[in-house]
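Novice: Chains as they are written, first to last, in the numbering used here: chain A, 1 to 361; chain B, 362 to 722; chain C, 723 to 1083; chain D, 1084 to 1444.
Glycine included, C-beta positions come from ideal geometry on N, C-alpha and C.
There are 4 protein chains.
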Amino acid sequence: MAECRAAVVTGFNQPSEIRSVPIPELEPTALLMRVDAATLCGTDVHCWHGRMSSDSLPYIPGHETTGVIVDMNGARSDLLGEPLNEGDRIISTYPHCGHCYYCTVAGEPTRCSNSYAFGRVLCDQPPYLLGGCAEYHYVPPGCDIVRVPAEVPSPLAASAACSLRTIMHGFERLGPLATHETVLVQGCGPVGLYALAVARDRGARKVLVIGAPDSRLQVAREWGADATLNLDEHSDVNARREWALDHTEGRGPDVVIQCATAAAIPEGLEIVRPRGRYLTIGGGDGNITVSANALRDRQIIGVGGSVGRHFYQAVTFLATRQKDFAFEGLISGVYSLDGVSQALQAMAEFREVKPVVFPNT
Amino acid sequence: MAECRAAVVTGFNQPSEIRSVPIPELEPTALLMRVDAATLCGTDVHCWHGRMSSDSLPYIPGHETTGVIVDMNGARSDLLGEPLNEGDRIISTYPHCGHCYYCTVAGEPTRCSNSYAFGRVLCDQPPYLLGGCAEYHYVPPGCDIVRVPAEVPSPLAASAACSLRTIMHGFERLGPLATHETVLVQGCGPVGLYALAVARDRGARKVLVIGAPDSRLQVAREWGADATLNLDEHSDVNARREWALDHTEGRGPDVVIQCATAAAIPEGLEIVRPRGRYLTIGGGDGNITVSANALRDRQIIGVGGSVGRHFYQAVTFLATRQKDFAFEGLISGVYSLDGVSQALQAMAEFREVKPVVFPNT
Amino acid sequence: MAECRAAVVTGFNQPSEIRSVPIPELEPTALLMRVDAATLCGTDVHCWHGRMSSDSLPYIPGHETTGVIVDMNGARSDLLGEPLNEGDRIISTYPHCGHCYYCTVAGEPTRCSNSYAFGRVLCDQPPYLLGGCAEYHYVPPGCDIVRVPAEVPSPLAASAACSLRTIMHGFERLGPLATHETVLVQGCGPVGLYALAVARDRGARKVLVIGAPDSRLQVAREWGADATLNLDEHSDVNARREWALDHTEGRGPDVVIQCATAAAIPEGLEIVRPRGRYLTIGGGDGNITVSANALRDRQIIGVGGSVGRHFYQAVTFLATRQKDFAFEGLISGVYSLDGVSQALQAMAEFREVKPVVFPNT
Amino acid sequence: MAECRAAVVTGFNQPSEIRSVPIPELEPTALLMRVDAATLCGTDVHCWHGRMSSDSLPYIPGHETTGVIVDMNGARSDLLGEPLNEGDRIISTYPHCGHCYYCTVAGEPTRCSNSYAFGRVLCDQPPYLLGGCAEYHYVPPGCDIVRVPAEVPSPLAASAACSLRTIMHGFERLGPLATHETVLVQGCGPVGLYALAVARDRGARKVLVIGAPDSRLQVAREWGADATLNLDEHSDVNARREWALDHTEGRGPDVVIQCATAAAIPEGLEIVRPRGRYLTIGGGDGNITVSANALRDRQIIGVGGSVGRHFYQAVTFLATRQKDFAFEGLISGVYSLDGVSQALQAMAEFREVKPVVFPNT
């Protein structure tokens, strides 16, 4: 049985190790890809800290992965119905079954009962390679495959496989933006910046951003934010609310999108106008205290997960909106397989926002 | 200037007094109606306790009012465009302007900036008569008028002017129910029972009700609840959640409707299934603590206010669904003008749920 | 290789023949069911007449089939995620792939590029048994399986697998009905009667039915139609339109559902009120001439196909609404395998509306 | 009684005459504006030809009008609730009542039973001045008023009062565009170009345009059309359909918007993909022949009329999207009041697309 190199987490908060991991046999319709680029996001840090309920050791981190098909077991097509071939550069969804209650009756395949996420799966049993920080990645049956157009660099395509596809899902659930509506984004990490870009692209009248540090807000302004507020310089919640009201003729934004952390929810609910829509994307757990009044007269839309069309929309967005948004500015540091835990540590300390790992260089 | 008798609140928590109040001149397109029946709801108790931000003394309580037109200043039509005449029995919305940001741009006339509620307006200045607990009620310009069909008794029509029209608004914002969906209602007061009836009428697969006391749950079962849980007998939140899961194949209800008090929101959010819809209607203020996780993966729809079509739908529902639901069971005690504060006190002590005041008998 | 008896169409408009057809090997996750009941619908007549583009000879008619699982190749669950077992009584969707453009990107699995209908597939090549008029029916991989509750008779469950699931799909695309809305149904065959029942069940204010003959309209009235018009007795289109206006205060119905034939579309578009919704379900081809004016100010929603949740909703409806609608009145004559072409001929001559074939009796 | 100059149509197809028309007394809340710019559209030509059902002589043409408030009768605010003052530059909706069936129950104020259009009203009786081709324009009670920002020239604001606000209404009814969706626009007059611009602005993946002549398609390309097809050079309907399929991977556009004439509907329905959405805006009457098949599997959304928020969205779009679209290219020739019928004749002969009349210069 062939093997390949992988960065493996064997203990929470511990340095990852380079191990040799078996390359499994392919089930019918499964694929094997050679990893081109794996980007990391906040969830990878949570996993590394052992805070996700599904954590198990040892595992290969990374759920944002672009790769090139190097092996197939039987004919397989991408989600447009086009046949796939070895050599195609792709991203992949998590598997979903298409036949459970959520996939069928509820019409919510994002909650498929038989799905699981990459980047946190035991790597000492088949199919071993379900994380991006390895030379190869197994793509099991039941995943939707999206081809990456030539004009989209692999690290960006990888980031589309988590942050941007979640934003696409969020906007789908949000429904249409009208030309008179103002959107406020809480947060200016990759998720927040993508939210800004998509709000711009879908015709919001104005997009406001609250976040930090200023270097990220500078990117936000370059991407078309009408106004930004530096959280580090405006620590008073009421002052931030006043700022938002000042930019919306005293009413509050029609839509607020939380791309920071669940801790930002109470502030966001106070800022969005009565009858407005509050989209909450950023993670975090624990309890949140909000006013009954804010809950009574707003709509809150919680988002998590995504399905194939959101991946496709994400890649399409990257391919067609490059002239409007300098996407490459999103990627921060570059790492090899040896540097995975350093990258995670740098993220934990807010020194990195979107590092990329190149496992084959 | 002619005068009429009214029950007037002159001090919070104090007995109401019978006063003689002027009958105002009618502005163009205004109406005067002789009150047939005025029902009271929880909000009237809150006002009497001085807990509503807009409270002012003295005022005439009552915002659920059926009356007969006795005077008009100029031609006026109901909301179907049919001319109104003296002698018509009607209910009326609050005024709305039709030309403010919420009426026009936002498409949310329920938040009209120029509206105000009846039953809590100063009665020592024109137009004096803006509460139901008086012999006459002034209907200012800008109100939508709904005729009451002969088959709907005045007390029920009055209740439609608040509880049921709010439920109609809530279901409008909820969107369609599918035939496979289960609805759980929190609360079995008039609002909860109306929610149950409308959920039944709109084709929910099952409707579950949690509330108390058992006499109200008995009504719920007679109105078609598939299962009910007595809150007095099941004080453990987890047990209640298990009960709901047991009735929904372990998934949780697709829709939960809060018709109790804001304090029930955390429990409701834990009960509704992932990706489900939570409609919150019942009042109350203060802060609510919910889990970030519940907010992340649900949709919360806060409802307040209503516009003409909701009133029309409410009256239509009462007129056409009598064979399915014994609506008259909703009305509890009967009072004259002299008994208004007794009725409010009885509600505060949960001895009454929907008292009716007959000011002209 | 085992064989079974089947009614086979070997020439369009020709009598069907009883042939012995192979029972195929089961692909992984495929099922074999013994047919309990197969109902026939208008499409089966069209196929028999050779008017469907996909017709091919020889084939086994019947796409509305209830059966009992008698063989399985590997574990398989129903669309609720519950494991299936031999002996379970089921209906099945057509196969869909879950991975093509329509299944994934468009979010319209009803148009799955890799689906095909039962009841019109060549039966002289594997898997042979893809029509209901045979002792056994093959259920290929990729079908959603719905269990039939004990309280639903097999012939009704079979009819749910086409007429009623299409109605469920239609109402899904129609969106919510409001309590003030009136629905008019064109047609009172099984599809029209199911449309009436669902409109009633979802809270329409009134449901009107135009159709013939009177015996069917009698069923419509028993199922709660507020008014019916006999097409045979009112041949003037304008008179029919006037009748509809008379029942809707001169405005026209808010929703019209075409459950007759495409030839009824122009009349229906003239009847639905301005800004109303026109749902067109009934089949037929050729050209239709409509006024530009009617197209300009209405919404037309064309419906075809269905997916698993519509089947599940259909079966749920039959199981839970028996007390409201005497569904068994839908089924007309009873036939054995020998009588399949007689049944088709009787339908073509309008002597039957919903015959049922019992292949194993 | 003061009078002013107006271009008056006294006979269909006849030259307009300059007449002196009374300036009426203002009803309470009415306004008088001095006309800054009046643009003309195809409907004005239809009126001039006597082909609109509501035509009456004599009348002042023009329903796209920007003016400056010169007189008011009582306090009045714009649709944002901001007080209006003399000197404010504005556009106005047609009047609507806010209290009829369509305004209230149906939630479709665009069909207000008590509304009427400007530019085709008798001008020999009060309030005389209800068309744009006059020195002054009366704005009756019940109109929503939108302020024109300084950065929007009066002729463009005038065009927003018909073409662009209709497009805004159309996109509202269309619902959201997803990032993967392709829009095809039939027509490249002002309505078609605005449709292209809004589709671009709302994030369509691609926008295709079919129209003529090439000078207009050149504008379309400058505004971001991904591909255009010259109708004059491709007279074969099948070839045009093939072109659309070629640009959509063989599926057809997800959305087609008819901005030409009702005669284009059959072609558009054949081009839009199965399950796609067809938005029909362009006028014309008579009968249309379409295939039953196309009607069965598409959604057709007919659009007409608009309300205040669409006007506000239109003006907002012009004010904020100037850097993306060179709107001024829409306006063609300039005329004085004396040239109104020449402008109409030039439009009838396709020599003009969007002429502007300056009545006060």
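In terms of residues, what are the limits of the alpha helix (DSSP H) holding L295/A?
Specialist: Looking at the DSSP string, the run of the alpha helix (DSSP H) that includes L295/A is 292 to 296.
Novice: For E631/B, count neighbouring C-beta atoms within 10 Å of its own C-beta (all shown protein chains included) and say buried if the count is 16 or more, exposed if not.
Specialist: Flag for E631/B reads buried.
Novice: How big is the Cα-Cα spacing for V256/A and G268/A?
Specialist: One C-alpha to the other measures close to 7 Å.
Novice: Applying the 10 Å Cβ sphere with the 16-neighbour rule, what's the burial state of K206/A?
Specialist: Its Cβ being crowded by 16 or more others within 10 Å, K206/A is buried.
Novice: Distance cutoff 7 Å, beta carbons only. Does V633/B sit that close to anything in chain A?
Specialist: No - not a single Cβ of chain A is within 7 Å of the one on V633/B.
Novice: Contact criterion: CB-CB distance below 7 Å. Does L80/A meet it with respect to chain C?
Specialist: Closer than 7 Å to some Cβ of chain C, the Cβ of L80/A qualifies, so yes.
Novice: Between the alpha carbons of N1168/D and I1152/D, how many angstroms are there, rounded?
Specialist: Cα to Cα, the separation comes out at about 7 Å.
Novice: For chain C, is any of its Cβ atoms less than 7 Å away from the one on R309/A?
Specialist: So yes, R309/A belongs to the interface.
Novice: Below 8 Å on the Cβ atoms is my guess for P176/A versus R472/B; work out the distance and round it to an integer in Å.
Specialist: 19 Å between Cβ atoms; not a contact.
Novice: Express the C-alpha separation of D1227/D and N230/A in angstroms, rounding to a whole number.
Specialist: Their backbone Cα atoms lie some 38 Å apart in a straight line.
Novice: How would you call P614/B, buried or exposed, if buried means at least 16 neighbouring beta carbons within 10 angstroms?
Specialist: It counts as buried.
Novice: Cβ of G175/A less than 7 Å from any chain D Cβ?
Specialist: Yes - at least one Cβ of chain D is within 7 Å of the one on G175/A.
Novice: Decide if K1076/C is buried, meaning its Cβ has at least 16 other Cβ atoms within 10 Å, or exposed.
Specialist: So K1076/C ends up on the buried side.
Novice: Around the Cβ of E873/C, are there at least 16 other Cβ atoms within 10 angstroms (buried) or fewer (exposed)?
Specialist: Per the 10 Å Cβ criterion, exposed.
Novice: Let's test the definition: count the other Cβ atoms within 10 Å of the Cβ of M362/B and tell me whether it reaches 16, buried, or not, exposed.
Specialist: It is exposed - the Cβ of M362/B has fewer than 16 other Cβ atoms within 10 Å.
Novice: If you compare alpha carbons, which of V1025/C, R1043/C, N960/C is closest to G1004/C?
Specialist: Nearest C-alpha to G1004/C: V1025/C.
Novice: Counting beta carbon pairs with one atom in the stretch 532 to 549 of chain B and one in the stretch 473 to 487 of chain B, are three or more of them shorter than 8 Å?
Specialist: These segments do not touch.
Novice: Near V370/B, what residues of its chain come up, given a Cβ to Cβ distance below 7 Å and the 5 sequence neighbours on each side ignored?
Specialist: These residues qualify, in order along the chain: S377, W409, L418, P419, Y420, P422.
Novice: So, are the CB atoms of L196/A and A225/A less than 7 Å apart?
Specialist: In contact: L196/A and A225/A (Cβ atoms closer than 7 Å).
Novice: Would you say V1188/D lies against chain B (beta-carbon separation less than 7 Å)?
Specialist: Interface residue, yes.
Novice: Where S835/C and G1027/C are concerned, what is the direct C-alpha to C-alpha distance, given to the nearest angstrom?
Specialist: Rounded to whole angstroms, S835/C to G1027/C spans 12 Å at the Cα level.
Novice: Cβ closer than 9 Å: which chain B residues qualify as neighbours of D923/C?
Specialist: What D923/C touches in chain B: T540, D562, R563, G564.
Novice: With respect to the beta strand (DSSP E) encompassing M72/A, which residues constitute its N-terminal and C-terminal limits?
Specialist: Taken as a continuous stretch (DSSP letters only), the beta strand (DSSP E) holding M72/A covers 64 to 72.
Novice: Mind checking the stretch 1178 to 1211 of chain D against chain C and listing, in chain order, the residues whose C-beta falls within less than 8 Å of any C-beta there?
Specialist: So the close ones are Y1184, Y1185, V1188, A1189, E1191, T1193, R1194.
Novice: Determine, using beta carbons only, whether Y781/C comes closer than 7 Å to chain A.
Specialist: With 7 Å as the cut-off, Y781/C does not count as an interface residue toward chain A.
Novice: Show which residues of chain C have a CB atom less than 7 Å away from the CB atom of I1340/D.
Specialist: Within 7 Å Cβ-Cβ: nothing; I1340/D doesn't reach chain C, min ~13 Å.
Novice: Kindly confirm or deny that the stretch 1031 to 1038 of chain C and the stretch 871 to 888 of chain C touch, where touching means at least three C-beta pairs closer than 8 Å.
Specialist: At 8 Å Cβ cutoff, the stretches touch.
Novice: From which residue to which residue does the beta strand (DSSP E) around H457/B run?
Specialist: It is not in any beta strand (DSSP E) - H457/B carries neither H nor E in the DSSP assignment.
Novice: Counting along the chain, where does the alpha helix (DSSP H) carrying T631/B start and finish?
Specialist: The sequence given here has Glu at residue 631/B, not Thr. Residues 626 to 632.
Novice: Looking at the structure shown, is Y1211/D part of a helix, part of a strand, or coil, going by DSSP?
Specialist: In this structure, Y1211/D counts as coil in the three-state DSSP scheme.
Novice: Taking the straight line between their C-alpha atoms, what separation do you get for M52/A and S159/A?
Specialist: Taking the straight line from one Cα to the other gives about 20 Å.
Novice: Considering only residues of the same chain and omitting the five flanking positions on each side of M433/B, which have a CB-CB separation below 6 Å?
Specialist: Cβ neighbours of M433/B beyond the five flanking positions: L392.
Novice: Quick check on the burial criterion: 16 or more other C-beta atoms within 10 angstroms. Buried or exposed for P213/A?
Specialist: Its Cβ having fewer than 16 others within 10 Å, P213/A is exposed.
Novice: Once you ignore the five residues that flank S1175/D on each side, which residues in its own chain have a CB closer than 6 Å to its CB?
Specialist: For S1175/D, where only same-chain residues beyond five positions count, the Cβ hits under 6 Å are V1222, C1226, I1228.
Novice: Per DSSP, what kind of secondary structure is I528/B in: helix, strand or coil?
Specialist: Correct three-state label for I528/B: helix.
Novice: The alpha helix (DSSP H) that contains E242/A, what's its start and end?
Specialist: Looking at the DSSP string, the run of the alpha helix (DSSP H) that includes E242/A is 237 to 246.
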